[in-house]
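Chemist: Residue numbers (our numbering), protein chains in the order written: chain A, 1 to 367; chain B, 1001 to 1367.
Using N, Cα and C, we set each Cβ at its ideal position, and we do this for glycine too.
One structure follows; several queries about it will come next.
Protein chains: 2
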Amino acid sequence: MNRDSLELRTTVSADGTLRLHLERVILPEPGPGQLLVRVEAAPINPSDLGLMFGPADLSTLSRDGDALTARIPDAAMPALRSRIGQSLPVGNEGAGTVVAAGPDQQHLIGRRVAMLGGAMYARLRLIGAGDCLVLPEGAGPEEGAALFVNPLTALGFVETMRAEGHKAIVHAPAASNLGQMLARICKADGIGLVNIVRSPEQAALLRGLGAAHVVDSSTASFHEDLTQAVAATGATLCFDAIGGGETTSIVLNAMETVALRDAAAYDRYGSAVKKQGYIYGALDTGPTVLHRSFGFSWSVGGWLLFRALQRLEPATVERMRQRVVEERTTTFASHYTARITLEQALEPETVAAYVRKATGEKYLITP
Amino acid sequence: MNRDSLELRTTVSADGTLRLHLERVILPEPGPGQLLVRVEAAPINPSDLGLMFGPADLSTLSRDGDALTARIPDAAMPALRSRIGQSLPVGNEGAGTVVAAGPDQQHLIGRRVAMLGGAMYARLRLIGAGDCLVLPEGAGPEEGAALFVNPLTALGFVETMRAEGHKAIVHAPAASNLGQMLARICKADGIGLVNIVRSPEQAALLRGLGAAHVVDSSTASFHEDLTQAVAATGATLCFDAIGGGETTSIVLNAMETVALRDAAAYDRYGSAVKKQGYIYGALDTGPTVLHRSFGFSWSVGGWLLFRALQRLEPATVERMRQRVVEERTTTFASHYTARITLEQALEPETVAAYVRKATGEKYLITP
């Protein structure tokens, strides 16, 4: 059995250089509970880009032999202190075929699995069977490539809503792969969802999925439309992947406008309705700006899938995983803009395309 | 028994005029459980100013007979919808002498009480005995005027810290009357406190109270000093009355810097240490700006005394009230810049002075 792999690695050096390269690695034989998987497809999620490129200045991207380098601004270096000199593998999730297995896992050889756990931008991945979902016979690699991050995040939003006592959700930007999954879940489960999109085309896409409340931030009536949709759904919870700018602020103020309409009496401290905003991404890395016309009953915080899953009941998480496998070709189907090899992932022109993070665009690495 | 009172009232009309005036009111006789109190002293807290003046443009203040008027910007009117046309009394807290009482409260006639409940900027206040603290014989009105808002807020910070699992607090701006109380509480109880002040004079004031960690935002070494103090105390909780600007953001970033120093391994999502900022005032009504270099384990929210007290155990709240009365002339002593009458509170020059909200300045109404 050939256990020679090639792994995409990212390294920051003390002098402020980011370096991406492909590293030859010989993996050990799988032990008990382990699988050796030939990676067939792994998506590039925004969360992967954070580790791959960190805060590097991408205008300085250049080739250095087979590697790719870029400069990191001095101001960003303190936050990277703990990764200096470490060659880190990349790729949160992926799918592939089991080519070898520990003595207790021999029955899985030849099966296709979906995997979570990092280091997926590689030819081979040695992984615990518990970090895999075994796909049904006949399922292709693209059906399993992205069954963890986006599907569990979308379901995690709904479970967070339930756990924290909200009845509907506002989501921005809603036309992403994740946003489309959330729209399908909310339609199927009868949950109120306000989809904030950034163009008429995105609005049409969401409406095509059956979304009842789609508001377009590029239109003059955005604030009014948003307020109406918040009133119609009763949403008091928002998930925002943009992060920078005023999106969360605008949503909280719309929620407060609705709450004040319903308020019996004036309260100088604003409504008592708790308004929660979660920032779960950083498509805009600029500052978050909050215009606090929404009283004192509000909270804005970071939301991270892995930490949120730890706060949920194990039975809830298991139910989420089962649903993802069952609905992998419908609710949780991802669509890809392009498929690239590991080598292509290090070409400056290709990098420029996949780091753009355009809503609805998604790249797949097919090692 | 004379039950003629004079109450300071604030009214917003639909055309955008704010009007403050003194209203003659004849109060009913106190019923069971009630006290009629001659108000002797009531502080002007920032929270009172919010109700008195709302978002009025104070450059337009002018007299209209015995009343005072100001214009409210059009953009601010929607948030005031539910108070239009209502003549609202003002003054969260105060102290006075019981001049009449319900049949079951006759023993309190002649006693001095501290009161909470609004409408304290008045000659007389009819109030439930449960909303009063009876002061010991000989206690003057100024000892009782401000025993609720600031003392319970300062103690509320400490109880919030305990309830949410933090071990130390950062407070800004720390030289306020409230900040001085908090410094005394934390010193007495051995709780880590980082005091952010805005001048060398304020720093000296806090150090004079025995505060161990005082950092001055007007100095070049502010960020470095703050980070050191956060490291020394282990603070992961911040209370910020400024609200607008970057104060909370700077504090959360200092907390993250400390957390990353202690982190074993690099995590692209930042440290797992939960950093909590609470905004409990709006000395700066401009937007809150968050530079999110502090990862994803963070939350910023509004904090309001009355809503926080409702979340605490009743026994905890009772213990807080007892401590306030016992330590009214030490831990919880307030200092006043000036004493003014109800009539003076409506003079434009006096208004200009007391709305400045300068740290450490505080006005007392002595009807």
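Can you give the Cα-Cα distance for Ala-76 of chain A and Gln-310 of chain A, rounded to whole angstroms?
Modeler: Within the first sequence, residue 76 of chain A is the residue found at index 76, counting from 1. Within the first sequence, residue 310 of chain A is the residue found at index 310, counting from 1. Rounded to whole angstroms, Ala-76 of chain A to Gln-310 of chain A spans 30 Å at the Cα level.
Chemist: For chain A, check one thing: does any of its Cβ atoms lie closer than 8 Å to the Cβ of Arg-1292 of chain B?
Modeler: If you number the second sequence from 1, residue 1292 of chain B lands on position 292. Yes - at least one Cβ of chain A is within 8 Å of the one on Arg-1292 of chain B.
Chemist: Using a beta-carbon distance below 8 Å, is Tyr-266 of chain A in contact with chain B?
Modeler: In the first sequence, the residue the question calls residue 266 of chain A occupies position 266. Yes - at least one Cβ of chain B is within 8 Å of the one on Tyr-266 of chain A.
Chemist: Using only the alpha-carbon positions, how far apart do Glu-361 of chain A and Gln-86 of chain A sit?
Modeler: Along the first sequence, one-based indexing puts residue 361 of chain A at 361. Along the first sequence, one-based indexing puts residue 86 of chain A at 86. Roughly 30 Å between the two C-alpha positions.
Chemist: I'd like the span of the beta strand (DSSP E) that includes Ile-365 of chain A, first residue to last.
Modeler: Position 365 of the first sequence holds residue 365 of chain A. Looking at the DSSP string, the run of the beta strand (DSSP E) that includes Ile-365 of chain A is 363 to 365.
Chemist: When you compare only the Cα positions, how much space is there between Met-1052 of chain B and Ser-1293 of chain B?
Modeler: The count along the second sequence starts at 1 and reaches residue 1052 of chain B at position 52. The count along the second sequence starts at 1 and reaches residue 1293 of chain B at position 293. So the alpha carbons of these two residues sit roughly 38 Å apart.
Chemist: Is the stretch 1298 to 1310 of chain B touching the stretch 1151 to 1158 of chain B, taking contact as three or more C-beta pairs under 8 Å?
Modeler: Enough Cβ pairs lie closer than 8 Å, so yes.
Chemist: For a quick check, are the C-beta atoms of Asp-1057 of chain B and Arg-1071 of chain B less than 8 Å apart?
Modeler: Position 57 of the second sequence holds residue 1057 of chain B. Position 71 of the second sequence holds residue 1071 of chain B. A contact, by the Cβ cut-off of 8 Å.
Chemist: For Leu-966 of chain B, would you say it is in contact with chain A, using Cβ-to-Cβ distances shorter than 8 Å as the test?
Modeler: Limits of chain B in this structure are 1001 at one end and 1367 at the other, which puts residue 966 of chain B out of reach.
Chemist: Let's test the definition: count the other Cβ atoms within 10 Å of the Cβ of Pro-1141 of chain B and tell me whether it reaches 16, buried, or not, exposed.
Modeler: Position 141 of the second sequence, counting from 1, holds the residue named residue 1141 of chain B. The residue in question, Pro-1141 of chain B, is buried, as its Cβ has 16 or more Cβ neighbours within 10 Å.
Chemist: Relative to the alpha-carbon of Thr-1233 of chain B, which residue among B:Tyr-1278, B:Tyr-1280, B:Leu-1193 has its alpha-carbon at the smallest distance?
Modeler: On the second sequence, position 233 is the one that residue 1233 of chain B refers to. Of the listed residues, the one whose Cα sits closest to Thr-1233 of chain B is B:Leu-1193.
Chemist: For Gln-344 of chain A and chain B, any beta-carbon pair shorter than 8 Å?
Modeler: The count along the first sequence starts at 1 and reaches residue 344 of chain A at position 344. Chain B, which has no Cβ nearer than 8 Å to the Cβ of Gln-344 of chain A, makes this no.
Chemist: Just confirm the distance between the C-beta atoms of Phe-1296 of chain B and Tyr-1269 of chain B, as a whole number of angstroms; I'd bet it's less than 8 Å.
Modeler: One-based indexing of the second sequence puts residue 1296 of chain B at position 296. One-based indexing of the second sequence puts residue 1269 of chain B at position 269. Contact holds; Cβ gap of about 5 Å.
Chemist: Contact check, Leu-126 of chain A vs Pro-46 of chain A under 8 Å by CB: the rounded distance?
Modeler: Here residue 126 of chain A refers to the residue found at position 126 of the first sequence. Here residue 46 of chain A refers to the residue found at position 46 of the first sequence. With a Cβ gap of about 26 Å, Leu-126 of chain A and Pro-46 of chain A do not count as contacting.
Chemist: Under 8 Å, do Ile-242 of chain A and Pro-173 of chain A count as touching if we go by C-beta distance?
Modeler: For this step, residue 242 of chain A is matched to residue 242 along the first sequence. For this step, residue 173 of chain A is matched to residue 173 along the first sequence. Yes, the Cβ-Cβ distance between Ile-242 of chain A and Pro-173 of chain A is below 8 Å.
Chemist: So for Gly-140 of chain A, helix, strand or coil by DSSP?
Modeler: For the purposes of this step, residue 140 of chain A is taken as the residue at position 140 of the first sequence. Coil at Gly-140 of chain A, not helix or strand.
Chemist: Please tell me whether Ser-334 of chain A and Asn-195 of chain A are closer than 8 Å, where the distance is taken between their beta carbons.
Modeler: If you number the first sequence from 1, residue 334 of chain A lands on position 334. If you number the first sequence from 1, residue 195 of chain A lands on position 195. No, the pair does not count as a contact, with Cβ atoms beyond the cut-off.
Chemist: Could you tell me which chain A residues have their CB closer than 7 Å to the CB of Ala-1263 of chain B, listed as they occur along the chain?
Modeler: As a first step, residue 1263 of chain B is located in the second sequence; it is residue number 263 there, counting from the start. By Cβ distance, chain A contributes Ser-82.
Chemist: Considering just the uninterrupted stretch of the alpha helix (DSSP H) at Leu-1252 of chain B, what are its terminal residues?
Modeler: The sequence position of residue 1252 of chain B within the second sequence is 252, counting from 1. Per DSSP, Leu-1252 of chain B belongs to the alpha helix (DSSP H) from 1247 to 1262.
Chemist: Buried or exposed: which applies to Gly-1286 of chain B, given that a residue is buried once 16 or more other Cβ atoms fall within 10 Å of its Cβ?
Modeler: Taking the first residue of the second sequence as 1, we reach residue 1286 of chain B at position 286. When all chains shown are included, Gly-1286 of chain B counts as exposed.
Chemist: Roughly how many whole angstroms lie between the Cα atoms of Arg-1321 of chain B and Ala-145 of chain A?
Modeler: Position 321 of the second sequence, counted from the start, is the residue given in the question as residue 1321 of chain B. Position 145 of the first sequence, counted from the start, is the residue given in the question as residue 145 of chain A. Spanning the two alpha carbons is a distance of roughly 59 Å.
Chemist: For Trp-298 of chain A, which residues does DSSP report across the bridge?
Modeler: Looking up residue 298 of chain A in the first sequence gives position 298. DSSP, once it has assigned bridges, lists A:Lys-275 as partnering Trp-298 of chain A.
Chemist: Note down the Cα distance separating Asp-1104 of chain B from Val-1090 of chain B, rounded to an integer number of angstroms.
Modeler: For this step, residue 1104 of chain B is matched to residue 104 along the second sequence. For this step, residue 1090 of chain B is matched to residue 90 along the second sequence. If you take the alpha carbons of Asp-1104 of chain B and Val-1090 of chain B, they lie about 28 Å apart.
Chemist: Taking only beta-carbon atoms, is Phe-332 of chain A less than 8 Å away from chain B?
Modeler: Residue mapping note: residue 332 of chain A aligns to position 332 of the first sequence, counting from 1. Cβ-Cβ to chain B under 8 Å: no for Phe-332 of chain A.
Chemist: Using a C-beta to C-beta distance shorter than 9 Å, which residues of chain A count as neighbours of Ala-1014 of chain B?
Modeler: As a position in the second sequence, residue 1014 of chain B is number 14, starting the count at 1. Chain A residues near Ala-1014 of chain B: none, gap ~14 Å exceeds 9 Å.
Chemist: Taking only beta carbons into account, state which residues of the stretch 1133 to 1158 of chain B come closer than 7 Å to chain A, listed in chain order.
Modeler: Result list empty, no residue passes.
Chemist: Is it right to say Pro-1367 of chain B is buried, meaning 16 or more other beta carbons lie within 10 angstroms of its own, or is it exposed?
Modeler: Within the second sequence, residue 1367 of chain B is the residue found at index 367, counting from 1. Looking at its Cβ environment, which holds 16 or more other Cβ atoms inside 10 Å, Pro-1367 of chain B is buried.
Chemist: Do you know offhand how far Glu-1023 of chain B's Cα is from Gln-1344 of chain B's?
Modeler: As a position in the second sequence, residue 1023 of chain B is number 23, starting the count at 1. As a position in the second sequence, residue 1344 of chain B is number 344, starting the count at 1. Those two C-alpha atoms are separated by around 15 Å.
Chemist: Look at the alpha carbon of Leu-1036 of chain B and the alpha carbon of Val-1149 of chain B, and state the distance between them as a whole number of angstroms.
Modeler: Mapped onto the second sequence, residue 1036 of chain B falls at position 36. Mapped onto the second sequence, residue 1149 of chain B falls at position 149. The alpha-carbon atoms of Leu-1036 of chain B and Val-1149 of chain B are separated by roughly 21 Å.
Chemist: State the Cα-Cα distance for the pair Val-1273 of chain B and Val-351 of chain A, rounded to the nearest angstrom.
Modeler: As a first step, residue 1273 of chain B is located in the second sequence; it is residue number 273 there, counting from the start. As a first step, residue 351 of chain A is located in the first sequence; it is residue number 351 there, counting from the start. Straight-line Cα distance between these residues: approximately 33 Å.
Chemist: With H, G and I counted as helix, E and B as strand and the rest as coil, what does DSSP make of Met-181 of chain A?
Modeler: Along the first sequence, read from residue 1 onward, the residue named residue 181 of chain A stands at position 181. If DSSP states are grouped into helix, strand and coil, Met-181 of chain A belongs with the helices.
Chemist: Can you give me the C-alpha to C-alpha distance between Cys-1132 of chain B and Arg-1319 of chain B, rounded to a whole angstrom?
Modeler: Looking up residue 1132 of chain B in the second sequence gives position 132. Looking up residue 1319 of chain B in the second sequence gives position 319. Rounded to the nearest angstrom, the two C-alpha atoms are 15 Å apart.
Chemist: Could you pull out every residue in the same chain whose Cβ sits closer than 7 Å to the Cβ of Gly-128 of chain A, ignoring the five residues on either side in sequence?
Modeler: Position 128 of the first sequence holds residue 128 of chain A. Same-chain partners within the cutoff: Gly-33, Gln-34.
Chemist: Taking Gly-165 of chain A as the reference, which of A:Lys-275, A:Asp-284, A:Phe-332, A:Asp-240 has the closest Cα?
Modeler: Counted from its first residue, the first sequence places residue 165 of chain A at position 165. Gly-165 of chain A has its Cα closest to that of A:Lys-275, out of A:Lys-275, A:Asp-284, A:Phe-332, A:Asp-240.
Chemist: Under 8 Å between the Cβ atoms of Met-1115 of chain B and Gly-1130 of chain B?
Modeler: As a working note, residue 1115 of chain B is residue 115 in the second sequence. As a working note, residue 1130 of chain B is residue 130 in the second sequence. Not in contact: Met-1115 of chain B and Gly-1130 of chain B (Cβ atoms no closer than 8 Å).
Chemist: How would you call Met-120 of chain A, buried or exposed, if buried means at least 16 neighbouring beta carbons within 10 angstroms?
Modeler: The count along the first sequence starts at 1 and reaches residue 120 of chain A at position 120. Answer is buried; the Cβ neighbour count reaches 16.
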